[in-house]
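Input: a single structure, listed below in structure tokens.
Protein chains: 2
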Amino acid sequence: MSSSLRMTTLCKRIRANIVSSTTTAKSGHPSSSLSAVELTAVLFFGGFFNQDITRFDYPFNDKFVLSKGHAAPLLYALYEAARVLTHTEILTLRKFNSHLQGHPTPELPFVDVATGSLGQGLSAGLGMALGLRLKVKELGIPMKREPTVWVLLGDSEMAEGQVWEAMEVASFYKVNNLIGIVDMNRLGQSGETELAWDSDAYKKRIETFGWQVLEIKNGHNIDEIQNVFKKANALNTVRTQKPTMILARTVKGKGISFMENKEGWHGKPVPSERLKEALKEIGTYDKKIKGIIAPPQFFDYKTQEKTKKILEKLGRVIGGAGGGDPNGAHIGQSPKSTEWAKESRGRIYDTSTKTATREAFGDALQDLGSTNPAVVALDGEVGNSTFTERLKKTNPSHFFQIFIDEENMVSVGLGLSKIGYIPYVSTFAAFFTRAFDQIRMSQYSHATLNIVGSHCGCSIGQDGVSQMGLEDIAMMRSIRESVVLCPADAPSAYFLTKEVIKQPGIHYLRTTRGKTPIIYGKDETFPIGGLKVHSPSHTTQKHAALIIAAGITVHEALKAQKDLDKKHIYVVVVDLYSIKPLDVTSLSSLVKKANHTIVVEDHYEAGGIAEAVLSALSLAHEPPSSFTHLCVKKEPRSGTPEELLHFEEIDASAIIKAVA
Amino acid sequence: MSSSLRMTTLCKRIRANIVSSTTTAKSGHPSSSLSAVELTAVLFFGGFFNQDITRFDYPFNDKFVLSKGHAAPLLYALYEAARVLTHTEILTLRKFNSHLQGHPTPELPFVDVATGSLGQGLSAGLGMALGLRLKVKELGIPMKREPTVWVLLGDSEMAEGQVWEAMEVASFYKVNNLIGIVDMNRLGQSGETELAWDSDAYKKRIETFGWQVLEIKNGHNIDEIQNVFKKANALNTVRTQKPTMILARTVKGKGISFMENKEGWHGKPVPSERLKEALKEIGTYDKKIKGIIAPPQFFDYKTQEKTKKILEKLGRVIGGAGGGDPNGAHIGQSPKSTEWAKESRGRIYDTSTKTATREAFGDALQDLGSTNPAVVALDGEVGNSTFTERLKKTNPSHFFQIFIDEENMVSVGLGLSKIGYIPYVSTFAAFFTRAFDQIRMSQYSHATLNIVGSHCGCSIGQDGVSQMGLEDIAMMRSIRESVVLCPADAPSAYFLTKEVIKQPGIHYLRTTRGKTPIIYGKDETFPIGGLKVHSPSHTTQKHAALIIAAGITVHEALKAQKDLDKKHIYVVVVDLYSIKPLDVTSLSSLVKKANHTIVVEDHYEAGGIAEAVLSALSLAHEPPSSFTHLCVKKEPRSGTPEELLHFEEIDASAIIKAVA
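Note that the protein sequences, when read in sequence, are chains A and B. Everything in the first sequence is counted per numbering that gives the first Met the number 0, starting at 0 for the first residue and increasing by one. Everything in the second sequence is counted per numbering that gives the first Met the number 0, starting at 0 for the first residue and increasing by one.
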């Protein structure tokens, strides 16, 4: 059987499965899947995409990202053709107990990143390509070809600015092992795309962003696709130093004549009464033909001995200190990481001077970088403000300047985490709102991301409200399994920066612009889920108030406590550095021992510390009967930090007023 | 005095004010301001930018957007040179009681949109350009030249994908009255930009996005700038149908030799001990020379009579029904708008069938569009899902297809609101997370934006978690003065879509994908800040439970109530369609009359309805002593809506279980 006939047979099989699965599901996107059948069939089964399907966690597999996530039926049909999934499984598409969800998620071993919010796949792919390259380089493994990340994009999503952010940064980093394929099927959800089939316009745009562009005039012609992919693979060498985009003109709904190139078929399955007609048009095929995905054969080794050594090395890397778990569960969980945490000395902060928590974060990041080879930092061109530049100085190959494109930065971080790196992504807290969708999607990729937002709250002062992170706690708490931390001083910020490495998942560390006094000693620990209690000079049966604060407001609360002490009004101050999870048991008992509970936070009213506290206490059936919430209620403006804390009534004087 | 000497004198004055004001403030961005002195001085005082400075609210003024908002000292110095601000005021920069904040805000009459989060200005400018064009066209005013929007961009912010989104859509709409100027000063905050001074690379990129590009080789050469601006103004006619970008090569810190083109000076003022040296280098200047901003002279009128008629027409328009208040406080507040609301008939929904709230939104939008000429809709290429397509059908010129670029969509909406239009921006609730930063910044522009997020919650079913808005309430509540609404049925969705038009500000309307039964009659009203109480068949002194729900969960709560009724367990159901503001008085009294309070919501745990309720009740010192929160706690997946509501334990059976 000729290779071309094999491919045609596989395409029929894939088409039939796309149509059957969506019709059975009564929903889904067959038309968007059908347009890319030939493109992906040739990619997967023509020897271009190299993956060991017996070992999806093999760290040097190529990666495939379905950026147009709604074409999930296509992805599933490809793996059915490869016999990774069965036809029976295919027909469970979109059903409650099926792993074959409407949009792909990493429940499936061949999916690295969840997609479905358009325009993110190229960034995630870029992160993986950077990560694979770094890993190969650091391990010193001789390779014929770097593991390559293939990203299938829809043409509608080319309107997302993030795609162009990814292109810009990919060409800046000369990432040749990233190959995009645009399935240019002309039709979006509700009408024609901006550029329709104007491949020339796309080509020019993409080339000006520093990419090589190859064109497939007929995205359903197997021979033409094969030839172009051969060219792409030839270009994919370290020497070209350019990423490649393949523009393929395709027909939406291809293969079902009543659907082909027609509006009104986006996200609509073939009605069950027309299924037979559709399958007839697709035609019969030899069911014994199997799609073979070629495993990677990268290594330039000649002897068994050498192979063995390399694999030994890899084994050590995967399980140990060299690069983490390629499935994203990072190496911090291994015993080795605890050793790192122990090994790295803490820093001693001079208690006679003040230090900003953002700076202590930079210190810890730098120390981590010199002990943990999996740590990488991503910067949004503000590294001298966030202090990620400290890592850049000592470990430049683990520092990625992503420039001012927060969306791309977060998704590149996600990609790096999927190669086993532990990314710290950092910019001003306010600007992470730019990447909320990317953070949201990262949770569905089950990524490990340490997000560090500096310049939180009105206490930043003179720069004014546009630069103030005032909704960041609300945003980060809303991520289902996130951890939200807000240290008040340098030692706690230093500790927590290192602490988050011990567990996978999404962590948010909120740091303050201004320098703050040192509260804690160098041996103090700050477990996630803990809090610190600062008792008044005199403890009583029932204190006048419990003041719950975090970050900058801890200092205001302590000032208030000191002043009140002198007036023989005794209040307890809680440094709630761990906002999520929070220690509800301790809080409950503290609330009970106080006449009044006050939460004071440098954040807007909704979704912040007060609501976290009230929610936890209410669910424990122990809500505070008398409660005050001091927070940012007026629109902040420029001024000194002191003026703003006073204006917003979250300073010591406001706390004292609330107690009295 | 020659025009060139005048300009040189003004530039000295502007430079001196930039340096003095930032040194006095001890913070700010002189280097980023200095690079654009000549560019903006020629723009403002060379007759290119046309603004009536005695009447900033004149609706046909040109608009200037300082997209690189950190160059605020430059903006203030320009208006000082024009004698709009005094030198004394200039020296209040960044002080607490000054309007001259670190980044510009609309506190100042010459600022339309707050800037400071980079990459948003071109989109806002595009919205204004589209709005000005629409207004001119609809009023039928004969104009020599459309009012033009000038946007000053930094080169660092060219990395933001949103800039390219704006470029793409601007060329799609052939918006010739939008002119961008890139202040290409090579240096970002922490180092060199990606393209540095490679104007050729910028030019190629921008041209491929459908813009005309003009180059200024020396952005400090007044003659060259004048020549290029003349060309730009010549191109700015309806005939060219292309937006224009001017690329100007400049020197960061220009005019202060120790700062010029040097790293490490971003965001740093001249130290006070070097101020004298800096001012000396800038040189002395004739303080009597005033910068004249030419007022707009657009009209092609010849007689006084005609002028009068046009102005009368304008007067009617500004105050009345034709296009709203150009300062953004929209016309909905005028008596006339109440008439519209009354005039437009409600729709009668057949109680025997189900209707999705997203569809009722579309109905109301369509009805509004035919009665209120200020209403516009912006779509993220999902208009057939969100039902904005209804307006497109009946009022196509007020419908803007912005394609899949949510960031740009929100900022374009902001721009339109600043021209007096009332924008409804709509996409899936989940994808508004993409535009959180743009929504955040819109609040500081004091914009009117009606944000409509469809497909909320896990109840969307089969599409899976990437498409589910599960953090949208948390996000939208965190906006300081937002209104957050979640209607449960078609009549309430219809009513609330129209209700939001009565007041300015940011409103969020959360709509559901699935069809839901009709609960309310056509004469029912749903004031913002209200709620609906559904009593059980038998009312008692103390009910078994109070169930607070919104949207889809209202239906589940009512089912539960019906079932419990049969078992003689009487529960009160609250339809909390107005989540922010909420009626805490009614809620308090209802909570007191129930043994147990349950909040059930199709949203993640943090920041949603439960926390809104707990926060309000706690601040009223009446927290519920016994409380249950039913919400989305597990990672949702594909399935039927019923299966998902059940899986997440937010369906009727879970409510019954929580009551029992």
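Note that the Cβ used here is the ideal one computed from N, Cα and C, for glycine as well.
Where residue i falls, given that 16 or more other Cβ within 10 Å makes a residue buried
{"i": "L660 (chain B)", "result": "No statement about residue 660 (chain B) is possible, as the shown extent of chain B runs from 0 to 659 and does not include it."}
{"i": "E523 (chain A)", "result": "exposed"}
{"i": "Q225 (chain A)", "result": "buried"}
{"i": "A128 (chain B)", "result": "buried"}
{"i": "I421 (chain A)", "result": "buried"}
{"i": "S536 (chain B)", "result": "exposed"}
{"i": "A659 (chain B)", "result": "exposed"}
{"i": "K392 (chain B)", "result": "exposed"}
{"i": "V227 (chain B)", "result": "buried"}
{"i": "N96 (chain B)", "result": "exposed"}
{"i": "V316 (chain A)", "result": "In this predicted model, V316 (chain A) has a pLDDT of only 47, less than 50, meaning its place in the structure is not dependable; the value taken from the coordinates is given anyway. So V316 (chain A) ends up on the buried side."}
{"i": "G331 (chain B)", "result": "Here the model assigns G331 (chain B) a pLDDT of 31, short of 50, so the residue's position is not dependable and the matter cannot be decided."}
{"i": "A233 (chain A)", "result": "exposed"}
{"i": "V532 (chain B)", "result": "exposed"}
{"i": "R54 (chain B)", "result": "exposed"}
{"i": "L643 (chain A)", "result": "buried"}
Cβ-Cβ distance between residue i and residue j below 8 Å
{"i": "A247 (chain A)", "j": "V181 (chain A)", "result": "yes"}
{"i": "E406 (chain A)", "j": "E164 (chain A)", "result": "yes"}
{"i": "V590 (chain A)", "j": "L616 (chain A)", "result": "yes"}
{"i": "I654 (chain A)", "j": "E498 (chain A)", "result": "no"}
{"i": "T356 (chain A)", "j": "I517 (chain A)", "result": "no"}
{"i": "E156 (chain B)", "j": "S32 (chain B)", "result": "no"}
{"i": "I459 (chain B)", "j": "R512 (chain B)", "result": "yes"}
{"i": "G607 (chain A)", "j": "A473 (chain A)", "result": "yes"}
{"i": "G115 (chain A)", "j": "H102 (chain A)", "result": "yes"}
{"i": "R364 (chain A)", "j": "V411 (chain A)", "result": "A quick correction: the sequence has Leu, not Arg, at residue 364 (chain A). Taking 8 Å as the Cβ cut-off, L364 (chain A) and V411 (chain A) do not qualify as a contacting pair."}
{"i": "T627 (chain A)", "j": "A489 (chain A)", "result": "no"}
{"i": "I215 (chain A)", "j": "I245 (chain A)", "result": "yes"}
{"i": "P58 (chain B)", "j": "K173 (chain B)", "result": "no"}
{"i": "R479 (chain A)", "j": "E634 (chain B)", "result": "yes"}
{"i": "Q442 (chain B)", "j": "R636 (chain A)", "result": "no"}
{"i": "R14 (chain B)", "j": "V36 (chain B)", "result": "yes"}
{"i": "F431 (chain A)", "j": "D471 (chain A)", "result": "yes"}
Whole-Å CB distance - residue i paired with residue j, under 8 Å assumed
{"i": "V451 (chain B)", "j": "T385 (chain B)", "result": "7 Å"}
{"i": "I281 (chain B)", "j": "K25 (chain B)", "result": "With 8 Å as the limit, I281 (chain B) and K25 (chain B) do not qualify as a contact, their Cβ atoms being about 19 Å apart."}
{"i": "A548 (chain B)", "j": "L575 (chain B)", "result": "7 Å"}
{"i": "E193 (chain B)", "j": "F402 (chain A)", "result": "6 Å"}
{"i": "V631 (chain A)", "j": "L469 (chain A)", "result": "6 Å"}
{"i": "A158 (chain A)", "j": "D404 (chain B)", "result": "5 Å"}
Beta-bridge partners of residue i, as assigned by DSSP
{"i": "T243 (chain B)", "result": "B:I178, B:Q211"}
{"i": "N449 (chain A)", "result": "A:Y423, A:H506"}
{"i": "L42 (chain B)", "result": "None, per the DSSP bridge assignment."}
{"i": "L186 (chain A)", "result": "A:E191"}
{"i": "H628 (chain B)", "result": "B:V598"}
{"i": "D670 (chain B)", "result": "Any question about residue 670 (chain B) goes unanswered here, given that chain B covers just 0 to 659."}
{"i": "Q400 (chain B)", "result": "B:D378"}
Original post:
Given a limit of 7 Å on CB to CB distance, which residues of the region 65-93 of chain B reach chain A?
Top reply: Near chain A, meaning a CB-to-CB distance below 7 Å, the residues of the region 65-93 of chain B are G68, R93.
**OP:** Note down, in chain order, all residues in the region 559-583 of chain A with a beta-carbon under 7 Å from any beta-carbon belonging to chain B.
**Re:** Taking 7 Å as the Cβ-Cβ cut-off against chain B, none of the residues of the region 559-583 of chain A qualify.
Original post:
What residues in the region 596-608 of chain A have a beta carbon less than 7 Å from any beta carbon of chain B?
Top reply: From the region 596-608 of chain A, only Y603, A605, G606 have a Cβ closer than 7 Å to chain B.
Subject >> Residues within the region 458-471 of chain B neighbouring chain A, beta-carbon criterion of under 7 Å >> reply: Against chain A - using a Cβ distance shorter than 7 Å - the residues of the region 458-471 of chain B are Q461, D462, G463, V464, S465, Q466, E470.
Subject >> Under 9 Å (Cβ pairs) to chain A, residues found in the region 240-252 of chain B >> reply: Listed in sequence order: no entries.
Subject >> Near-chain B residues of the region 177-202 of chain A (beta-carbon distance less than 8 Å), N- to C-terminal order >> reply: Residues are counted here when their Cβ sits less than 8 Å from a Cβ of chain B; for the region 177-202 of chain A these are G187, Q188, S189, G190, T192, E193, A200, given in chain order.
**OP:** Residues of the region 163-177 of chain B with a CB closer than 7 Å to any CB of chain A: list them in chain order, please.
**Re:** Residues of the region 163-177 of chain B with a C-beta less than 7 Å from any C-beta of chain A: W163, E164, E167, F171, listed in chain order.
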